[in-house]
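**Student:** Below is one structure. I have some questions about it.
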Ligand code: MRU
């Protein structure tokens, strides 16, 4: 995707000796800053502090984190030890575990001194595959948008999205935003309702930023507005991402996704979840009971970060002293509220038999 006319991926490595580059998402939308990860600890910190975030990008960063560990400490024990550390950086997105397991399986049979080079190659391959998967999701989602556009010629298709499941959450294209970028390329008139997504405001800070940079018409709304807009016929379809989807089609995604799905269900608005296969956990069924929900710091709720008129960034307190705070970062939308999953292999019912037929090698 383009930022100020310059093409970027969200993570890249030109030279393993020089580290791994990321776009520091904690600075957006106020400042575009590139950071360099020079060690496994840097990668761990980047994931846990959300300099990088979004399930596919978390997986790609963990892969590079393991490669950095093997570069710096070429010992037999490093593969298992560094994987164990990186696996704890964030608990919910299954891509983290998926990427680390993939590296471990491939690297374990290799001589210790060959592991680092192969790890960097594999991390780069994971990034390239993510780009291809997201582009394919974009094409499959585009067909869904085209079908809606055909019913309202000359009018924009109104799409609601939650959190940031765009280019910034992946290596390129995004999951939920990929169909939107593909629609823009196909000159289909679209307009995106962007949920601000408290407490960390990934919608307001990141989705609005990348849509703006790529000139996609959009409007930021408060998290509670979506249901109201649906009741008034102002939302044609919803596209969201996922941090972990179970083999029976339950979807864990950013907190608030469930309420949007309920509102969509009540208003007959199609609710699509864009799910690349590394975000599907084929080892579990029940999203509500089996997916660990990340609890994040209370300051994300008690404070809001913004930029004052003088251009200075600051974090301001918004709660009375002494109020208790709880900060669940994700929720689970049961499969019955999901119109379909959009995967790199096509659009599929959020249901075990259909998912197994599409990904037989994962079952
Ligand atoms: O806490 P975050 O910002 O990492 O949460 C991100 C989301 O919930 C995304 O919707 C999800 O990872 C899908 S990203 C393509």
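Numbering (my numbering), first residue to last: 19 to 381.
Here a beta-carbon is modelled for each residue, glycine too, at the ideal position from N, C-alpha and C.
Taking C-beta to C-beta, are residue 380 and residue 318 nearer than 8 Å?
**Tutor:** No, they are not a contact pair.
**Student:** Could you spell out where the beta strand (DSSP E) holding residue 359 opens and where it closes?
**Tutor:** Start and end: 358 to 361.
**Student:** Quick check on residue 25: buried or exposed, where buried means 16 or more other Cβ atoms within 10 Å of its Cβ?
**Tutor:** Its Cβ having fewer than 16 others within 10 Å, residue 25 is exposed.
**Student:** By DSSP, does residue 120 sit in helix, in strand, or in coil?
**Tutor:** Here residue 120 sits in helix by DSSP.
**Student:** Please state the DSSP three-state secondary structure of residue 302.
**Tutor:** If DSSP states are grouped into helix, strand and coil, residue 302 belongs with coil.
**Student:** Which residues in the same chain have their Cβ closer than 6 Å to the Cβ of residue 107, if we skip the five residues on either side of it in sequence?
**Tutor:** Answer for residue 107: 62, 65, 66, listed in chain order.
**Student:** Give the list of continuous beta strand (DSSP E) stretches no shorter than 3 residues that lie fully inside the region 224 to 276.
**Tutor:** Here the runs fully enclosed are 236 to 239, 255 to 258, 262 to 264, 269 to 272.
**Student:** From residue 216 to residue 95, what distance separates their C-alpha atoms?
**Tutor:** The straight-line gap from Cα to Cα measures roughly 41 Å.
**Student:** Have a look at residue 39 and residue 226 and give me their C-alpha separation to the nearest angstrom.
**Tutor:** Between residue 39 and residue 226, the C-alpha separation is close to 23 Å.
**Student:** So does the region 260 to 279 actually touch the region 288 to 298, counting three or more Cβ pairs closer than 8 Å?
**Tutor:** Because the criterion of three Cβ pairs below 8 Å is met, the region 260 to 279 and the region 288 to 298 touch.
**Student:** Is the beta carbon of residue 365 closer than 8 Å to that of residue 305?
**Tutor:** Taking 8 Å as the Cβ cut-off, residue 305 and residue 365 do not qualify as a contacting pair.
**Student:** Residue 338: which of 348, 154, 321 sits nearest, CA to CA?
**Tutor:** Per the Cα distances, 321.
**Student:** Quick one: what does DSSP say residue 29 is sitting in, helix, strand or coil?
**Tutor:** It is a strand residue.
**Student:** Below 7 Å, is the gap between the Cβ of residue 271 and the nearest heavy atom of the ligand MRU?
**Tutor:** Yes, since a heavy atom of the ligand MRU falls inside the 7 Å radius drawn around the Cβ of residue 271.
**Student:** By alpha-carbon positions, which one of 315, 159, 27, 171 ends up nearest to residue 74?
**Tutor:** The shortest Cα separation from residue 74 among 315, 159, 27, 171 belongs to 27.
**Student:** Would DSSP call residue 96 helix, strand or coil?
**Tutor:** Three-state DSSP puts residue 96 in a helix.
**Student:** Rounded to the nearest angstrom, what separates residue 303 and residue 130 at their Cα positions?
**Tutor:** Roughly 37 Å between the two C-alpha positions.
**Student:** Is the beta carbon of residue 219 within less than 7 Å of some heavy atom of the ligand MRU?
**Tutor:** No.
**Student:** Using only alpha-carbon positions, find the residue among 315, 101, 70 that is nearest to residue 123.
**Tutor:** Selected option, being the one with the closest Cα: 101.
**Student:** Can you give me the Cβ contacts of residue 253 inside the same chain, cut-off strictly under 6 Å, excluding the 5 residues immediately before and after it?
**Tutor:** Cβ neighbours of residue 253 beyond the five flanking positions: 176, 178, 247, 287.
**Student:** In terms of residue numbering, what span does the beta strand (DSSP E) encompassing residue 209 cover?
**Tutor:** First-last of the beta strand (DSSP E) with residue 209: 208 to 213.
**Student:** From residue 237 to residue 132, what distance separates their C-alpha atoms?
**Tutor:** In a straight line, the C-alpha of residue 237 is about 50 Å away from that of residue 132.
**Student:** Which parts of the region 156 to 225 are runs of the alpha helix (DSSP H), unbroken and 4 residues or longer, counting only runs that do not cross its ends?
**Tutor:** Qualifying alpha helix (DSSP H) stretches, in chain order: 196 to 203.
**Student:** Just confirm the distance between the C-beta atoms of residue 220 and residue 182, as a whole number of angstroms; I'd bet it's less than 8 Å.
**Tutor:** Indeed they touch by this definition, with Cβ atoms about 4 Å apart.
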